[in-house]
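First residue of the sequence shown: 3, per the numbering used here; consecutive thereafter. Virtual Cβ for every residue (Gly too), placed ideally from N, Cα, C. Worksheet for the structure shown next.
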Amino acid sequence: MATPKFNSKSPTIRRILREAQELSNSPSPDYTATPLETDLFEWHFTFRGPPNSSYSDGIYHGRIVLPPTYPLRPPSFRFLTPSGRFETNREICLSISGHHEETWQPAWGVRTALVALRSFMETDPRGQLGGLETSDAECEESAKSIAVTSEPSDVEIPSELKMGWKDEMGKPAERQLHAQETPRHDDGDAESAELAEGFVRTAPEVGGPETSQVPKSQVPAPDIAARTSNGPSPSILTPTRTVSLPPAPNVRQAHQRPHDEGVPLWVDRAIVALVVLLLAMILKVVLDF
Numbered sequence: 003m004a005t006p007k008f009n010s011k012s013p014t015i016r017r018i019l020r021e022a023q024e025l026s027n028s029p030s031p032d033y034t035a036t037p038l039e040t041d042l043f044e045w046h047f048t049f050r051g052p053p054n055s056s057y058s059d060g061i062y063h064g065r066i067v068l069p070p071t072y073p074l075r076p077p078s079f080r081f082l083t084p085s086g087r088f089e090t091n092r093e094i095c096l097s098i099s100g101h102h103e104e105t106w107q108p109a110w111g112v113r114t115a116l117v118a119l120r121s122f123m124e125t126d127p128r129g130q131l132g133g134l135e136t137s138d139a140e141c142e143e144s145a146k147s148i149a150v151t152s153e154p155s156d157v158e159i160p161s162e163l164k165m166g167w168k169d170e171m172g173k174p175a176e177r178q179l180h181a182q183e184t185p186r187h188d189d190g191d192a193e194s195a196e197l198a199e200g201f202v203r204t205a206p207e208v209g210g211p212e213t214s215q216v217p218k219s220q221v222p223a224p225d226i227a228a229r230t231s232n233g234p235s236p237s238i239l240t241p242t243r244t245v246s247l248p249p250a251p252n253v254r255q256a257h258q259r260p261h262d263e264g265v266p267l268w269v270d271r272a273i274v275a276l277v278v279l280l281l282a283m284i285l286k287v288v289l290d291f
């Protein structure tokens with residue numbers, strides 16, 4: 003969008019730009035006004051209601067239209083929000099507006115007009131053009147309604163779109179489930195401890211909890227061997243049969259194999275006899291030559 007070009011040499015344009023810069027550099031907490039970027043002759047203002055009055059809670063918005071010969075001629079004003087004092091979107095008849103050019107002074111500006119407009123809100127309408135005759139209660143109600151509508155409201159998010167931390171979601175159900183499963187875990191842990199103690203226990207319990215709390219590393223090796231030979235528990239005997247016993251027959255077979263598979267005695271004698279006969283035949287052949 004191209005920026006509109008204005009004749010900066012025009013006294014009216016220079017006056018309008020100077021007033022806009024002055025309002026921007028020295029803002030007021032009670033009112034503000036600025037011209038449109040596309041039209042310097044149309045301004046929009048916003049101000050708080052006069053203090054200690056029925057309009058004090060309201061924030062009012064309106065429009066100012068400057069004439070082409072400003073500041074020689076006065077501007078016109080109209081409110082865009084209901085106030086209870088002036089009609090909405092209708093030109094107001096004031097001593098500083100275009101309806102009374104004879105009372106306007108070129109030395110006045112937009113800031114002066116805003117201050118005067120705030121003060122006029124507390125005056126009696128007396129049938130003026132654009133004025134309203136309302137009670138203080140109606141003005142206060144109108145001011146409060148404007149304040150409520152102008153305040154930013156939080157956007158309500160549907161419950162199905164709400165987000166939360168993963169570790170915080172489902173905590174109540176998780177706690178309830180944990181409370182229900184706690185006795186089961188305790189029973190299961192007790193059974194697991196008993197089973198583990200049965201497989202790891204190296205000595206039967208004799209005299210209370212002190213015997214069961216003796217570490218395995220402190221039990222002497224000779225005592226373990228003696229207890230194993232005297233009365234091994236079934237849980238220890240089962241792996242001994244499956245691991246230690248099968249290799250024993252293989253070793254015995256390996257040792258017995260030379261005795262069982264040896265050459266018979268008559269075979270040795272037959273071999274010796276054949277060797278003797280062979281030597282005799284060789285000697286006979288040698289002697290004949």
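Item: Cβ-Cβ distance between Ile61 and Arg50 below 7 Å; Value: yes
Item: Beta-carbon gap between Gly100 and Ser121 smaller than 7 Å; Value: no
Item: Candidates Leu285, Pro108, Ser10, Pro52: closest to Val117 by CA position; Value: Pro52
Item: Residue burial classification, Val277 (beta-carbon count within 10 angstroms, cutoff 16); Value: exposed
Item: Continuous beta strand (DSSP E) stretch holding Phe79: start and end; Value: 78 to 81
Item: Three-state class that DSSP yields for Ile15 in the structure shown; Value: helix
Item: Cβ-based neighbour list, Ser26, same chain, cut-off 8 Å, excluding 5 preceding and 5 following; Value: Thr36
Item: Sequence-distant residues of the same chain with beta carbon closer than 6 Å to Val112, five excluded per side; Value: Glu21, Ala35
Item: Trp268 classed as buried or exposed, judged by whether at least 16 other C-beta atoms fall within 10 angstroms; Value: exposed
Item: Candidates Ala282, Asp32, Phe88, Ala275, of which the one nearest Asp59 by Cα; Value: Asp32
Item: Coil, strand or helix - Trp45 by DSSP; Value: strand
Item: Collapsed DSSP secondary structure at Ala109 in the structure displayed; Value: coil
Item: Beta-bridge partners of Val67, as assigned by DSSP; Value: Glu44, Ser78
Item: Rounded straight-line distance, which links the Cα of Leu119 to that of Thr2; Value: The chain is shown only over 3 to 291; residue 2 falls outside these bounds and no answer can be derived.
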